[in-house]
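Remarks on the structure that follows.
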Amino acid sequence: MIGFEQMRRNGEEKIVDIRRQLGSGDGMQAAALSQTGRHIVSPAVRKRMAAAQPERWAAVKAKSKPSKPASAKRTMSAAGRKRIAAAQRKRWALVKAKKAG
């Protein structure tokens with residue numbers, strides 16, 4: 245990309261030189277006209293654009309589906325925890341009994 249930009253600048257400089265030699269006025273002025281600047285927007289238009297943006301977002305949000313609320317976390321009853329703990333103790337007792345011999 246950088247090489248192409250350099251080539252473009254060289255080409256523009258050559259055009260400026262040729263225009264200067266042909267007597268078409270100030271060559272730098274011609275180069276300045278060939279460059280594109282930023283588009284200038286009036287304050288009134290900027291205000292209209294700012295007012296229109298929330299309307300656009302409202303339209304986008306209206307089209308999107310409402311997100312469903314997160315489902316409640318599952319909890320375990322105390323009795324269930326006791327059953328699991330008892331089963332785990334039983335398993336470990338079997339493992340230790342096998343290991344002991």
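For the sequence shown, counting from 1, position 50 maps to 294 in our numbering; every step adds exactly one.
Even for Gly, the Cβ is constructed at its ideal location relative to N, Cα and C.
For clarity, every value in this text was computed on a predicted model and none was experimentally measured.
- Under a 10 Å Cβ-count criterion, V260 is classified as buried, with 16 or more other Cβ atoms of the shown protein chains found around its own Cβ.
- Secondary structure note for I262: its alpha helix (DSSP H) is the uninterrupted segment 246–266.
- Counted as a single uninterrupted DSSP element, the alpha helix (DSSP H) harbouring A323 occupies residues 322–344.
- Judged by DSSP secondary structure, P298 falls within the alpha helix (DSSP H) whose first and last residues are 287–307.
- Inter-residue distance for E299 and S308 is about 15 Å (C-alpha atoms, whole angstroms).
- Inter-residue distance for L266 and E256 is about 15 Å (C-alpha atoms, whole angstroms).
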